[in-house]
Amino acid sequence: DIQMTQSPASLSASLGETVSIECLASEGISNDLAWYQQKSGKSPQLLIYAASRLQDGVPSRFSGSGSGTRYSLKISGMQPEDEADYFCQQSYKYPLTFGSGTKLEIK
Amino acid sequence: EIQLQESGPGLVKPSQSLSLTCSVTGYTITSGYDWSWIRKFPGNKMEWMGYISYSGSTNYNPSLKSRISITRDTSKNQFFLQLNSVTTEDTATYYCAREGYPLFDYWGQGVMVTVSS
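If you're matching them up, the sequences are chains G and X in order.
The numbering of the first sequence is the numbering used here, which starts it at 1193 and goes up by one.
The numbering of the second sequence is the numbering used here, which starts it at 614 and goes up by one.
Quick look at the structure:
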């Protein structure tokens, strides 16, 4: 199975701050990576797919980048509604696997 | 609007079977995509469990292959999860989701299942 190592586990950011979350795959995944946001008590929402493509309706302050084994999610200008858990998922090979998640809070 | 909703018992005894239903509205499950079950453990680890495709074929996580079954009722636009011989380690929040490409673009709200005597 492909292991997804996500960091940091938790993060505090001030409003307007830019934050980054990383995922490291145990092998190359050819940009087959998605990012999800999960707010407290809600179901996960797809933010980004194919490493850098924004899902319809997702604010442009969210962006994704990376290649090979290393990928990142950036939020450019933290907003109150961005407080949530974030996790990555590789879609390169079955079984599909997820990162361990990052809890993002407002400082 | 596509919606998925999980239902089933919140408490299951060890060694018994866990059975959940996912009811889909706004899209016919035989029209396309794969229909998955995913679980999130206490501590936030997430695990893809498996899917049933629009054609009825299945694909399971090898870690569960001997215990899992995903079936469907096309007349009700529902699909089901059965997990046999559960232990306390199967305690989790269970989600159904639509899978394509493959990633998950629509999710249910999730149902918390506790395995305890």
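From the three backbone atoms N, C-alpha and C, an ideal C-beta is built for every residue, glycine too.
As the structure is a prediction and not an experimental result, all values here were calculated from the model.
Measuring alpha carbon to alpha carbon, tell me which residue in the options is nearest residue i.
i	options	result
R1253 of chain G	G:K1231, G:I1194 and G:G1208	G:G1208
Y667 of chain X	X:S698, X:E619, X:R711 and X:K678	X:R711
N672 of chain X	X:P627, X:Q695 and X:D647	X:D647
I1267 of chain G	G:Y1284, G:M1196, G:G1256 and G:R1245	G:G1256
P655 of chain X	X:T704, X:S620 and X:T643	X:T704
K653 of chain X	X:S630, X:P715 and X:Y707	X:Y707
K626 of chain X	X:L677, X:T700 and X:F692	X:T700
S1292 of chain G	G:L1216, G:V1211 and G:S1206	G:L1216
V1250 of chain G	G:S1259, G:L1239, G:E1297 and G:S1206	G:L1239
A1242 of chain G	G:Q1230, G:Y1284, G:D1277 and G:Q1229	G:Y1284
T634 of chain X	X:Y719, X:T727 and X:N690	X:N690
A1226 of chain G	G:Q1281, G:S1235 and G:M1270	G:Q1281
I642 of chain X	X:W720, X:F692, X:P715 and X:V728	X:F692
S698 of chain X	X:D718, X:M725 and X:S729	X:S729
Name the DSSP bridge partner or partners of residue i?
i	result
S1268 of chain G	G:T1210
I1329 of chain G	Because chain G here runs from 1193 to 1299, residue 1329 of chain G falls outside it and cannot be looked at.
R1177 of chain G	A query on residue 1177 of chain G cannot be resolved here, the shown segment of chain G reaching from 1193 to 1299 and no further.
Q1229 of chain G	G:Q1237 and G:Y1278
Q695 of chain X	X:S632 and X:S682
S1199 of chain G	G:E1214
L1288 of chain G	Bridge partners of L1288 of chain G: none, in fact.
G713 of chain X	X:L716
A705 of chain X	X:V726
R1245 of chain G	G:Y1241
Answer with yes or no whether the minimum CB distance from residue i to chain X is below 9 Å.
i	result
Y1228 of chain G	yes
P1287 of chain G	yes
Q1195 of chain G	no
Q1258 of chain G	A quick correction: the sequence has Gly, not Gln, at residue 1258 of chain G. It does not; no Cβ of chain X falls within 9 Å.
K1234 of chain G	yes
Between residue i and chain G, is there a C-beta pair that is closer than 9 Å?
i	result
G723 of chain X	yes
S620 of chain X	no
S676 of chain X	yes
N672 of chain X	yes
Every unbroken beta strand (DSSP E) within the region 614-693 of chain X, with a cutoff of 3 residues, ordered by chain | Those beta strand (DSSP E) runs which fall completely within the region 614-693 of chain X and span 3+ residues are 616-620, 631-638, 647-653, 659-666, 671-673 and 681-686.
Members of the region 1236-1253 of chain G near chain X, C-beta cut-off 9 Å = Of all residues in the region 1236-1253 of chain G, only P1236, Q1237, L1238, Y1241, A1242 and Q1247 come within less than 9 Å of chain X when Cβ atoms are compared, listed by chain position.
Chain B contacts made by the region 635-661 of chain X, where a contact means CB separation under 7 Å | Among the chains of the structure shown, chain B does not appear; the protein chains present are G and X.
Which residues, taken in chain order from the region 694-720 of chain X, show a beta carbon closer than 9 Å to some beta carbon of chain G?
-> Within the region 694-720 of chain X, the residues whose Cβ lies closer than 9 Å to some Cβ of chain G are Y708, A710, E712, Y714, P715, L716, F717, D718, Y719 and W720, listed in chain order.
Taking only beta carbons into account, state which residues of the region 1269-1299 of chain G come closer than 9 Å to chain X, listed in chain order.
-> Cβ contacts with chain X come from D1277, F1279, Q1281, S1283, Y1286, P1287, L1288, T1289, F1290, G1291, S1292, G1293 and K1295.
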